[in-house]
Amino acid sequence: MILNRFKKYIIFFSSSSLGLLVLFFLLFNSPFIQHKLFLYFSEKIEEKYSINIDSKEFYYNFFSNKLITNFSILDHHNNSMIFFPKISINFKNNFFFNSDLNVDKININNAKFFVEKYNKEELTNMEIFVNKINNQEASSFSTIKIQEINFNDCD
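Residue numbering for the sequence shown follows the working numbering, starting at 528 and increasing by one per position.
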């Protein structure tokens with residue numbers, strides 16, 4: 528009698544856990560949540576670096592810890608400076624819960640770079656961009672490690 532009750536509790540707990548896991552998976556893979564994640568990341572980057580980011584595709588899989596996206600970085604004149612039609616990032620750790628960012632691999636396909644020096648400016652748009660991100664407060668991570676970066680068919 529007690530064993531049957533114990534089995535019922537185990538079955539109830541297992542099915543509830545599985546149901547919550549499926550709900551979590553469906554919730555975080557929904558287009559609405561994915562769009563909110565992109566807005567969160569892009570707003571943080573825009574606030575910190577004054578860099579505008581635009582993307583038509585953004586997918587982060589919490590289970591495989593992989594980000595697939597396309598995005599463009601606009602220069603200080605709001606012209607396209609860097610365009611990544613497809614970039615895939617495999618993280619070694621979950622950057623939401625860590626102060627370190629460990630990236631296993633970055634694959635960049637068909638990237639386009641538009642380096643321009645505007646009239647009456649001493650630096651190119653790329654130099655201005657690098658100066659924006661190259662300061663002591665450039666990252667909220669204590670360390671950033673990237674093991675491998677692959678560029679394919681870049682202009």
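Positions of the beta carbon are idealized from the N, C-alpha and C atoms, including for glycine.
With the cut-off set at 8 Å, would you say T651 and K644 are in Cβ contact? yes
According to DSSP, which residues form a beta bridge with E584? N597
Length of the line joining the Cα atoms of D581 and I676: 22 Å
Sequence-distant residues of the same chain with beta carbon closer than 8 Å to D631, five excluded per side: N617, F618, K619, Q674, E675
Proximal residues to F598 (C-beta, below 6 Å), its chain only, five neighbours per side dropped: I580, S582, F611
Among the candidates F589, F641, I538, whose CA atom is the shortest distance from the CA of N606? F641
Thinking C-beta only, is Y587 closer than 8 Å to Q561? yes
Using 8 Å as the threshold, is the C-beta distance between L601 and F585 below it? no
Determine the direct distance from the alpha carbon of M653 to that of N661, and round the result to whole angstroms. 12 Å
Cα-Cα separation, N629 to K593: 12 Å
Nonlocal neighbours in the same chain, by C-beta distance under 6 Å from K613, ignoring five residues either side: N597, N636
Presumed contact (8 Å Cβ cut-off) between I595 and S615, rounded CB distance: 5 Å
By Cβ distance below 8 Å, which residues in the same chain neighbour N679 in space, the five residues on each side in sequence not counted? N634, I635, N636, N637
In whole angstroms, what separates the C-alpha of F552 from that of H603? 38 Å
Taking just the CA atoms, how far does I671 sit from L548? 30 Å
The beta strand (DSSP E) that contains V630, what's its start and end? 627 to 636
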